[in-house]
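Protein chains in written order, with my numbering: chain A, 1 to 549; chain B, 1001 to 1188. For reference, the structure is listed below as structure tokens.
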């Protein structure tokens, strides 16, 4: 019997152990529900006002996976929410916490509701009681003694406006008091005055009226006396209601005007076409967010015109102005790219074109600029060909399209490897020693200590007699070592098609920041002492012997 | 009496208008990070060249951590700047690490090739690193000091000069409380 009992117990233990092990092995049936429950309390970080449970975005899916993983790891819902708060702040909670400053969000609406109800009840009660007292006052006014109101009813002639006699002054005051009392009645009946105020003011006016009436009676039939001094008495009168009402009108008018102005500005701002995805409804009116203004557009036009006239410093200034207000303007970046090409700074130009294309991926001018750099400077023929083909498919038939097709035909086929030096294009002018200037560049021994090892050397050629404007040819050598043998030829010409011939002035600059458009303190410069040199001359030696201050 | 009434109206309407004006100055999409001046969450990432790298391996160096994607225009805009900054800083005790988000290997590699990116780059496969760093816009850059503390965060495209300046600060452990902002777009 005992053995049988033990066997049964053992069997039950085995069954229990099996059932619990099965429980652990199978996925928790409510895991998805619990994940969804927590996810529904977390705000999606890429879509507004959707929980990560409801959002179809990839980020929401990834966040849901994190929730599920942490649940599986045994974390409590609060711990998981705290984890997301530690990463994104309380913003991530769809239900803000009921502590700290967030408590205000919970409490404030109820406080406002209660205060609103109390205020509404108070106003309604006041309004009802005023109605009642107004009715009572009207009935009281009608039952007033005839003696009190005699001064009002007495029919007296209106004085002339230019009559300064004492009687005329008293009659003027009487008219004014009559007006005041009728306004007082009106204000009281329309609920603008409390009972106490009404009675006090009315009594005051009545008293003044009675006194005035007595003074009128006391006057001789045709008084010729000077007007009595009543000014001090006038000053004690209650404030002129007409004036207060005028002030109210003025304030109301000013408020309406400001409201209209604000509405006009905001409405025109909000319905204007957006310049970019970053452009907000209000533009820079309240947030300081940059949006292309008329001034920016004018600067862009000015820059383009200066570029067309080849006034590059002016164009640079204008485009910098555009980029200061609209840092992603693709046109300005493209033009800056072209200017940098002109100055022989291919890397900078490539950056500028990439910035332009990041905003406008199909901007023809930026595509053209980038493709030309890849082709001419970087010798990345495959990438250049790809961009030219893309450009060709976008540009309508015409001169520009023919030019693109011509350059595309020039690009060597099969030269797809980057940094592979390609043979010159069939139509490109071939540099020969007779079309070059060569020599050696050295540094003045006194300035050797001033040499920056990371500086870039620019060898600049200008036609003899041209002191300003873009150079004819530029060669840039990064981190040069001296003495340095150089050659300058047709391949360094900036404007395609310009011949590298005639007499040329050669100058060199060792530029610390590598930017050809700026000359900074500490840059070393030098020039050919026998300037100008004829193209084809050898041994045009130059010494870097000056320091820019 | 009328002045009292005006004062009461102004007292009620004033705060409402002030609240509206404050609302206009805010970008509802922007999430301010609570991670600045805190220790960066450790992670392990598989680089595109197959090596594994953990953040702890970089302890003792100033780290520039950049989340990017090949489909994101502002990432394209900053790519050459980042490489230029890396070329200038690579000999110092500093590391650049790019983390591609929500991208395919092929597109990410083409991007790196197009912009000649030479610094370390890997892919956040499950998006966990992005969540750990509270990422919501792209590109996003974090500057981490040699002790592993986040010193600065920049949402959006960043210029080479700023990368160099902030990394120098990170190397010295200087924390910038204010986040930087450039052109960005929400992640997908």
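The beta carbon of each residue, even a glycine, is placed where N, CA and C say it ideally should be. Please read all numbers here as calculations on a predicted model, not as lab measurements.
What is the rounded straight-line gap between the Cα of residue i and the Cα of residue j?
| i | j | result |
| --- | --- | --- |
| residue 264 (chain A) | residue 1152 (chain B) | 41 Å |
| residue 428 (chain A) | residue 379 (chain A) | Any reading at residue 428 (chain A) must be qualified, since the residue scores a pLDDT of 36, below 50, and its modelled position is unreliable; the value itself is stated next. Those two C-alpha atoms are separated by around 14 Å. |
| residue 117 (chain A) | residue 33 (chain A) | 41 Å |
| residue 1123 (chain B) | residue 1100 (chain B) | 5 Å |
| residue 1254 (chain B) | residue 249 (chain A) | The first residue shown for chain B is 1001 and the last is 1188, placing residue 1254 (chain B) beyond what the model contains. |
| residue 464 (chain A) | residue 477 (chain A) | 23 Å |
| residue 405 (chain A) | residue 392 (chain A) | 7 Å |
| residue 1129 (chain B) | residue 294 (chain A) | 43 Å |
| residue 1098 (chain B) | residue 1175 (chain B) | 21 Å |
| residue 89 (chain A) | residue 100 (chain A) | 14 Å |
| residue 1154 (chain B) | residue 1079 (chain B) | 15 Å |
| residue 167 (chain A) | residue 216 (chain A) | 7 Å |
| residue 300 (chain A) | residue 332 (chain A) | 7 Å |
| residue 1146 (chain B) | residue 540 (chain A) | 51 Å |
| residue 183 (chain A) | residue 213 (chain A) | 20 Å |
List the endpoints of the continuous alpha helix (DSSP H) containing residue i.
| i | result |
| --- | --- |
| residue 1166 (chain B) | 1160-1172 |
| residue 299 (chain A) | 294-308 |
| residue 80 (chain A) | 77-88 |
| residue 1140 (chain B) | From DSSP, residue 1140 (chain B) is part of no alpha helix (DSSP H) but of the beta strand (DSSP E) over 1140-1144. |
| residue 99 (chain A) | Neither: residue 99 (chain A) is in no alpha helix (DSSP H) and is coded neither H nor E. |
| residue 334 (chain A) | 330-342 |
| residue 38 (chain A) | 31-39 |
| residue 622 (chain A) | The requested residue 622 (chain A) is not part of the displayed model; chain A covers only 1 to 549. |
| residue 1107 (chain B) | 1105-1114 |
Helix, strand or coil for residue i per DSSP?
| i | result |
| --- | --- |
| residue 1050 (chain B) | coil |
| residue 262 (chain A) | helix |
| residue 1071 (chain B) | coil |
| residue 325 (chain A) | helix |
| residue 534 (chain A) | strand |
| residue 375 (chain A) | helix |
| residue 492 (chain A) | helix |
| residue 512 (chain A) | coil |
| residue 217 (chain A) | helix |
| residue 500 (chain A) | coil |
| residue 506 (chain A) | strand |
| residue 393 (chain A) | helix |
| residue 176 (chain A) | helix |
| residue 352 (chain A) | helix |
| residue 1041 (chain B) | coil |
| residue 1135 (chain B) | coil |
| residue 43 (chain A) | strand |
| residue 1021 (chain B) | helix |
| residue 1149 (chain B) | strand |
If I'm right that residue i touches residue j with Cβ under 8 Å, what's the distance once you round it to whole angstroms?
| i | j | result |
| --- | --- | --- |
| residue 1127 (chain B) | residue 62 (chain A) | 3 Å |
| residue 1120 (chain B) | residue 1065 (chain B) | The pair is not a contact, with the Cβ atoms about 10 Å apart (cut-off 8 Å). |
| residue 395 (chain A) | residue 364 (chain A) | 6 Å |
| residue 1068 (chain B) | residue 1075 (chain B) | 4 Å |
| residue 1033 (chain B) | residue 1168 (chain B) | Contact flag wrong, Cβ pair sits at about 21 Å. |
| residue 1148 (chain B) | residue 1062 (chain B) | No, residue 1148 (chain B) and residue 1062 (chain B) are not in contact; Cβ-Cβ is about 11 Å, not under 8 Å. |
| residue 1043 (chain B) | residue 1132 (chain B) | 6 Å |
| residue 483 (chain A) | residue 441 (chain A) | 7 Å |
| residue 480 (chain A) | residue 457 (chain A) | 4 Å |
| residue 312 (chain A) | residue 342 (chain A) | 7 Å |
| residue 435 (chain A) | residue 489 (chain A) | 6 Å |
| residue 1053 (chain B) | residue 1045 (chain B) | 6 Å |
| residue 1077 (chain B) | residue 1160 (chain B) | No, residue 1077 (chain B) and residue 1160 (chain B) are not in contact; Cβ-Cβ is about 12 Å, not under 8 Å. |
Which stretch, first to last residue, makes up the beta strand (DSSP E) that contains residue i?
| i | result |
| --- | --- |
| residue 527 (chain A) | 524-527 |
| residue 404 (chain A) | Element bounds for residue 404 (chain A): not the beta strand (DSSP E) but the alpha helix (DSSP H), 399-410. |
| residue 1096 (chain B) | 1094-1100 |
| residue 475 (chain A) | 473-478 |
| residue 439 (chain A) | 437-443 |
| residue 459 (chain A) | 456-463 |
| residue 543 (chain A) | 542-544 |
| residue 1123 (chain B) | 1120-1123 |
Measuring from the CB of residue i, is there a heavy atom of the ligand ATP at a distance below 7 Å?
| i | result |
| --- | --- |
| residue 1040 (chain B) | Of ligands this structure carries none, so the ligand ATP is not represented either. |
Given 8 Å, three or more beta-carbon pairs between the stretch 392-404 of chain A and the stretch 498-505 of chain A: no
Cβ contact (3+ pairs, closer than 8 Å) linking the stretch 1011-1026 of chain B and the stretch 1058-1068 of chain B: no
Any 3 or more C-beta pairs closer than 8 Å across the stretch 446-453 of chain A and the stretch 519-539 of chain A: yes
Three-pair Cβ contact test at 8 Å for the stretch 1174-1188 of chain B versus the stretch 44-57 of chain A: yes
Stretch pair the stretch 195-209 of chain A + the stretch 245-262 of chain A: three plus CB contacts closer than 8 Å: no
Segment contact, 8 Å Cβ cut-off, at least three pairs: the stretch 1105-1120 of chain B with the stretch 1154-1174 of chain B: no
Contact between the stretch 300-320 of chain A and the stretch 350-358 of chain A (3+ Cβ pairs under 8 Å): no
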